[in-house]
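Peer 1: Numbering-wise (the numbering used here), the sequence shown opens with residue 18 and increments by one.
A single structure is presented below for examination.
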Amino acid sequence: MADPPFPGMQPGLNTHRLHRVREIGSNRCSLHEKADMMSRFRLPSTSSVTTLLAVAALSAPSLALAASTTVTLTPVADSYVSPDGPDSNFGNHGTFIVNRGYAEAYLRFDLSSLPANAVITAASLSALAYDGYAYGGDGNVYTSFVANDSWQEMGITWNNRPAPAATPVGEWFLWYDFTPEDKRGINSNAALIPVVQGELAGDKQVSFRLHSPGYKTRYRSREVTNAAQRPALTLTYELGPVTTVLEPEADAYVNHDYWGESDWNYGSAQELVINYGFDRKIFLRFNLASIPAGAVIQSVKLSATAFWGVSPGGDGNVYTYLVPDNNWGEYSITYNNQPAATGSPLGWWWLWYPTNNPYFDQVGVTEDTNFIPVLQAASDASDRRVSFRLSSPYYLTSYYSRESPDASKHPKLEVTYLP
């Protein structure tokens, strides 16, 4: 008897299935069996593919960024060091000095006030000078990244100062002839951006060293009374997408009648079973409360880890359907009281198990864009939960449930959103 066509197939496509041939005692699939395995990939016509790609391009959301925000941070620590006093500390001074080989300044900024998903788009380091002298030569004041943030404002000296990176991340130039005048040095080099972004992802502290090969300049430190005269790190950022991975708050499978199982509940089982012969189907429910209200859903990925299966042929896809009713109970759902699924499949995956070795882990994954409006509606609703039903027309597969001791193998819903 011929296999039924896959849902959505157009009549007249030249597809067929070769019967499996296996020698007794063989540990490998025959060529015919492999052909049977691969025959489930039935491609639509070229024009259909073109149409599908065009629709996907129009409907798939881009991982956009939110509106820009600009913040200005002042140092949590600043000081200068000098070889003229190699063990002296100047952390409590209202001034720091940058002077050729005679003085270098260190500044540290705390980035913890920025959101964890901030994407830095611009960075500017500045300090207010009030006098100095242009001795000659290279008068630039160079900014160097300092990876070691453990230095202490009241403990740093020339002899224990942390080493800077070899390559500067920008500079500014101020010219003085011993005539006092307020001038703000500003370094807006784009090289600052990855440095700050990396430290935001790390310990949320960023340190810099200031030095000049040829000029001497005095700057207001963070101890100065006038806050507007303190050094500053000005950052512009956008909120990037956030990805959260949810586990089901409830999962179970239902089983059609054989020994009266239509009224049995399997909510405490460590497995979830799909079996077309007994109409066994999986139900999953996820709580979206951890996603901020008003978040814009960007992408959705549903996955489950299988550990056993039988692939008799035919349509072996595992289809995911929306279940509008979220009120089913994990320890009370049965075949006879299961909530109805609605609409067309939101997505599907396909896992194949050979007859001779059907026991190994495989992860089924679907991330179709059909999930996005469903998750958006569920996130915006007062209930903030979403339920799915998983089933297959022809294959048998067992998956780890949320009760499995290994949490890494639980079903998962990965949601990427803009806050």
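Glycine included, C-beta positions come from ideal geometry on N, C-alpha and C.
Because the structure is a prediction, the values reported are computed rather than measured.
#1: Do PRO258 and GLN315 count as a contact pair if the criterion is CB distance below 8 Å?
#2: Near LYS233, which residues of its chain fall below 6 Å by C-beta distance, leaving aside the five closest residues on each side in sequence?
#3: Tell me, to the nearest whole angstrom, how far the beta carbon of PRO470 is from that of THR337; I am working on the premise that it is less than 8 Å.
#4: List the residues that DSSP assigns as beta-bridge partners of LEU263.
#5: How would you label ASP155, buried or exposed, when you count the other beta carbons within 10 angstroms and need 16 or more for buried?
#6: Going by alpha carbons, who is nearest to VAL88 out of ALA164, TYR434 and TYR254?
#7: Pull up the DSSP beta-bridge partners for ASP127, would you.
#8: Does ASP423 pass the burial test, meaning 16 or more other C-beta atoms within 10 Å, or should it be called exposed?
#9: Taking the Cβ atom as the reference point for each residue, do LEU145 and ARG237 lie within a distance shorter than 8 Å?
#10: Taking buried to mean at least 16 other C-beta atoms within 10 Å of its own C-beta, is ASP104 buried or exposed?
#11: How many Å lie between ASN272 and TRP281 at the Cα?
#12: Return the Cβ separation of LEU256 and PRO356 in integer angstroms, given the expectation that the two are a contact with Cβ distance under 8 Å.
#13: List the whole-angstrom C-beta distance separating THR322 from VAL262, where the pair is believed to meet the contact cut-off of C-beta under 8 Å.
#14: In whole angstroms, give me the CA-to-CA distance for ARG235 and THR86.
#15: Would a C-beta distance cut-off of 8 Å place VAL340 and SER404 closer than the cut-off?
#16: Taking only three categories from DSSP, how would you classify LEU368?
#17: In terms of residue numbering, what span does the beta strand (DSSP E) encompassing ILE114 cover?
#18: Starting from GLN379, trace the beta strand (DSSP E) both ways and give me its first and last residue.
#19: Within a Cβ cutoff of 7 Å, which residues of the same chain sit near ASP101, ignoring the five residues on either side of it in sequence?
#20: If you drop the 5 nearest sequence neighbours on each side, which residues of the same chain put their C-beta closer than 6 Å to that of TRP189?
#21: Mind checking which residues open and close the alpha helix (DSSP H) that includes LEU392?
#22: Can you grab the Cα-Cα spacing for the pair ASN134 / LEU252, in whole Å?
#23: Measuring alpha carbon to alpha carbon, tell me which residue in ARG401, TYR416 and SER399 is nearest LEU407.
#24: What residue from ASN304, LEU209 and THR160 has the CA that sits closest to ALA180's CA?
#25: Is it true that the CB of GLU264 sits closer than 8 Å to the CB of HIS427?
#26: In the DSSP assignment, find the unbroken beta strand (DSSP E) run with ASN204 in it and report its ends.
#27: Assign PRO17 to one of three DSSP states: helix, strand, or coil.
#28: Determine, using beta carbons only, whether ASP166 and ASP95 come nearer to each other than 8 Å.
#29: Please check the pair LEU413 and GLY326, which I expect to be a contact at CB under 8 Å, by giving their CB distance rounded to whole angstroms.
Peer 2: So, to answer that:
#1: Walking along the sequence shown from the start, residue 315 turns up at place 298. Walking along the sequence shown from the start, residue 258 turns up at place 241. In contact: GLN315 and PRO258 (Cβ atoms closer than 8 Å).
#2: Here the question's residue 233 lines up with position 216 in the sequence shown. These residues qualify, in order along the chain: ASN116, GLY149 and TYR150.
#3: What the structure shows of the chain is the stretch from 18 to 436, and residue 470 is not part of that stretch, so it cannot be assessed.
#4: Position 246 of the sequence shown, counting from 1, holds the residue named residue 263. Paired residues: LEU430.
#5: Locating residue 155 in the sequence shown gives position 138, where the first residue counts as 1. By the neighbour-count rule (16 or more Cβ atoms within 10 Å), ASP155 is not buried but exposed.
#6: The count along the sequence shown starts at 1 and reaches residue 88 at position 71. Answer by Cα proximity: TYR254.
#7: Counting from 1 along the sequence shown, the entry for residue 127 is found at position 110. DSSP, once it has assigned bridges, lists GLN222 as partnering ASP127.
#8: As a position in the sequence shown, residue 423 is number 406, starting the count at 1. Exposed: under 16 other Cβ atoms inside 10 Å.
#9: Taking the first residue of the sequence shown as 1, we reach residue 145 at position 128. Taking the first residue of the sequence shown as 1, we reach residue 237 at position 220. It is a contact, given that the beta carbons lie within the stated cut-off.
#10: Walking along the sequence shown from the start, residue 104 turns up at place 87. ASP104 comes out exposed.
#11: By 1-based counting over the sequence shown, the position of residue 272 is 255. By 1-based counting over the sequence shown, the position of residue 281 is 264. Each residue's alpha carbon lies about 7 Å from the other.
#12: Taking the first residue of the sequence shown as 1, we reach residue 256 at position 239. Taking the first residue of the sequence shown as 1, we reach residue 356 at position 339. Not confirmed; about 36 Å, so no contact.
#13: Position 305 of the sequence shown holds residue 322. Position 245 of the sequence shown holds residue 262. Contact flag wrong, Cβ pair sits at about 14 Å.
#14: Position 218 of the sequence shown holds residue 235. Position 69 of the sequence shown holds residue 86. Their backbone Cα atoms lie some 31 Å apart in a straight line.
#15: Position 323 of the sequence shown, counting from 1, holds the residue named residue 340. Position 387 of the sequence shown, counting from 1, holds the residue named residue 404. In this structure, SER404 lies closer than 8 Å to VAL340 by Cβ.
#16: The residue you call residue 368 lines up with position 351 of the sequence shown. Three-state DSSP puts LEU368 in coil, outside helix and strand.
#17: Indexing the sequence shown from 1 puts residue 114 at position 97. Start and end: 112-116.
#18: Locating residue 379 in the sequence shown gives position 362, where the first residue counts as 1. Where GLN379 is concerned, the enclosing beta strand (DSSP E) stretches over 376-383.
#19: Along the sequence shown, read from residue 1 onward, the residue named residue 101 stands at position 84. Taken in chain order, the residues that qualify are TYR119.
#20: Against the sequence shown, residue 189 aligns to sequence position 172. If we look at TRP189 and ignore the five residues flanking it on each side, its Cβ neighbours are VAL158, GLY202, ILE203 and ASN204.
#21: As a position in the sequence shown, residue 392 is number 375, starting the count at 1. Per DSSP, LEU392 belongs to the alpha helix (DSSP H) from 388-397.
#22: Against the sequence shown, residue 134 aligns to sequence position 117. Against the sequence shown, residue 252 aligns to sequence position 235. Answer to the nearest angstrom: the Cα atoms are 14 Å apart.
#23: For this step, residue 407 is matched to residue 390 along the sequence shown. Among ARG401, TYR416 and SER399, the Cα nearest to that of LEU407 belongs to TYR416.
#24: Taking the sequence shown and counting its residues from 1, one reaches residue 180 at position 163. Checking every option, the nearest Cα to that of ALA180 belongs to THR160.
#25: Start at 1 with the first residue of the sequence shown, and residue 427 comes out as number 410. Start at 1 with the first residue of the sequence shown, and residue 264 comes out as number 247. Yes, they are a contact pair.
#26: Counting from one through the sequence shown, the residue named residue 204 turns up at place 187. Residues 200-204.
#27: Because the chain is modelled from 18 through 436, residue 17 falls outside the range shown and cannot be assessed.
#28: Residue 166 sits at position 149 when you count from the first residue of the sequence shown. Residue 95 sits at position 78 when you count from the first residue of the sequence shown. Taking 8 Å as the Cβ cut-off, ASP166 and ASP95 do not qualify as a contacting pair.
#29: Translated into positions along the sequence shown, residue 413 becomes position 396. Translated into positions along the sequence shown, residue 326 becomes position 309. Yes, LEU413 and GLY326 are in contact; Cβ-Cβ is about 6 Å, under 8 Å.
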